[in-house]
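To keep things clear, I will list the structure first and then write my remarks on it.
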């Protein structure tokens, strides 16, 4: 089946020295275009959803879009079904995925994006949950979701906020590269696209384009 | 019930510039003393268990102890039941905890340590699994254990390899401090002892002593 998907998967919400979503605002506007009037925001990755929605609303309004936060909706599933575009923000990926499961949102978001072709924007944790699984998140497992399987909007995993090994470091914890290689020691594990901060992936149908200036690394099993 | 537990919970196996377990070898010898002749090693946190057991065996033999690796035992549960002391090494905490569950080892290790009072040494991932849960590991969730609940040998959580915030960093991922605070945004979460590299906790019965020179931070909800 041909999929109409149109995704913007951003490594990080804020780039050092810049404002919230500033480094990707042109790409957001290009993705949403002039047809989309309202964006549905999913703030589940942070604890304070009201504050988070305020920040996101301010930014999207400045770009010319109204923003509804799903946590203010009486029926979250219904709000997804009626949405014109979805933005899932960063924070803790485990908390985000658990809330998506708790609210039965995974199949309906998937349907809207894959079958109906509404634009999806993810940043950081919102990018992680767009992939096959959150097995390659950097986040602390502060809660236990019923599965690590995620939306599966793309057939690979992503590691956002990718950091190259620091040769001068005296810290003995595993580097990001070592962690991803440990993932690939496990059987049947998918490719991992490691997006450095400042970088993002635009997915249109079966075509993926790397945007931003910091580039990415692709890890294969 | 009084517990006889005797634990050495080490932040990291290797300190920058030193050899494997070198920075904690005196404390290991003091914990094991002269009564213990053989140590049972659990290498599940790394993929290559043979290589890992070789490294651990070499170190423990140099300290005067024989080492049996549980992955070479016909019956892992039986090898725990017959053990004089247990050492769980570092690596990936999710992989380690899943293997402990897969081999039904949690209750039997707990019984040996808490009721029979055999010495337990953990480093990094082996320290994480000694606590209430692995909710405060730094590791990537490369596999999905049936629960994040761990051995519960102490009534709190630990964050090993603790790193203080780097004020000069341009990286926008959460600091370790922010991640632990996100954990404490969740209800009913226990204290987290953040052990900097080079530091370790000696637990004897109800008394805990911080050893090493780098100190620790205690985070309360």
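Chains as they are written, first to last, in this note's numbering: chain A, 53 to 273; chain B, 53 to 273. Glycine residues also receive a C-beta, built at the ideal position from the N, C-alpha and C atoms.
- If you look at residue 114/B, you'll find it isn't in any beta strand (DSSP E); it sits in the alpha helix (DSSP H) that goes 101 to 114.
- Taking 8 Å as the CB threshold, residue 235/A lines the interface with chain B.
- Beyond the five residues adjoining it in sequence on each side, residue 145/A comes within less than 6 Å, by CB distance, of 177, 180, 186, 189, 191 in the same chain, given in chain order.
- A direct Cα-Cα distance of roughly 22 Å separates residue 79/A from residue 132/A.
- DSSP places residue 271/A in the strand class (E or B) of the three-state scheme.
- Residue 161/B and residue 123/B have their C-alpha atoms some 15 Å from each other.
- Under DSSP, residue 175/A forms a beta bridge with 62/A.
- For the options 261/B, 213/B, 221/B, the alpha carbon positioned closest to that of residue 67/B is the one of 213/B.
- Residue 170/B and residue 137/B have their C-alpha atoms some 5 Å from each other.
- Counting the other Cβ atoms within 10 Å of the Cβ of residue 135/B gives 16 or more, which makes it buried.
- The C-beta of residue 217/A comes no closer than 8 Å to any C-beta of chain B.
- Rounded to the nearest angstrom, the gap between the Cα atoms of residue 109/A and residue 91/A is 9 Å.
- With contact defined as three or more Cβ pairs closer than 8 Å, the segment 96 to 114 of chain A and the segment 258 to 268 of chain A are not in contact.
- Following the DSSP letters along the chain, one finds residue 235/A in no beta strand (DSSP E) but inside the alpha helix (DSSP H) bounded by residues 228 to 237.
- Burial check for residue 223/A: the Cβ neighbour count within 10 Å stays below 16, so the residue is exposed.
- Ranking 242/B, 233/B, 61/B by CA distance to the CA of residue 250/B puts 61/B first.
- Residue 155/A carries a coil assignment under DSSP once its states are collapsed to helix, strand and coil.
- At a cut-off of 8 Å between beta carbons, residue 153/B makes no contact with chain A.
- Of the residues 111/A, 234/A, 150/A, 238/A, the one whose Cα lies closest to the Cα of residue 139/A is 111/A.
- Counting along the chain, residue 254/A sits inside the beta strand (DSSP E) bounded by residues 251 to 256.
- Residue 239/B does not reach chain A, its nearest Cβ partner there being about 10 Å away, counting only Cβ pairs nearer than 9 Å.
- Taking 8 Å as the cut-off, the Cβ atoms of residue 172/B and residue 84/B do not count as close.
- In the DSSP assignment, no residue is bridged to residue 125/B.
- When 118/A, 201/A, 63/A are compared, the shortest CA-CA separation from residue 157/A is found for 201/A.
- From the beta-carbon of residue 225/A, the residues of chain B found nearer than 7 Å are 190, 213.
- Scanning chain B for C-beta atoms nearer than 9 Å to the C-beta of residue 111/A yields nothing, as the closest lies near 16 Å away.
- A distance below 8 Å separates the beta carbons of residue 55/B and residue 257/B.
- Measuring C-alpha to C-alpha distances from residue 82/A to each of 105/A, 117/A, 63/A, 72/A identifies 117/A as the nearest.
- Taking each of 273/B, 253/B, 272/B in turn and checking the Cα distance to residue 264/B, the smallest one comes out for 253/B.
- Closest by C-alpha distance to residue 206/B, out of 217/B, 244/B, 236/B, 77/B, is 244/B.
- With a contact defined as Cβ atoms closer than 8 Å, residue 247/B and residue 210/B qualify at about 6 Å.
- Residue contact with chain A for residue 267/B: absent (no Cβ-Cβ distance below 8 Å to any residue of chain A).
- At least 8 Å separates the CB of residue 245/B from every CB of chain A.
- For residue 120/B, the pairing in a beta bridge is given by DSSP as 92/B.
- For residue 84/B, there is no enclosing beta strand (DSSP E); the enclosing alpha helix (DSSP H) has its first and last residue at 77 to 84.
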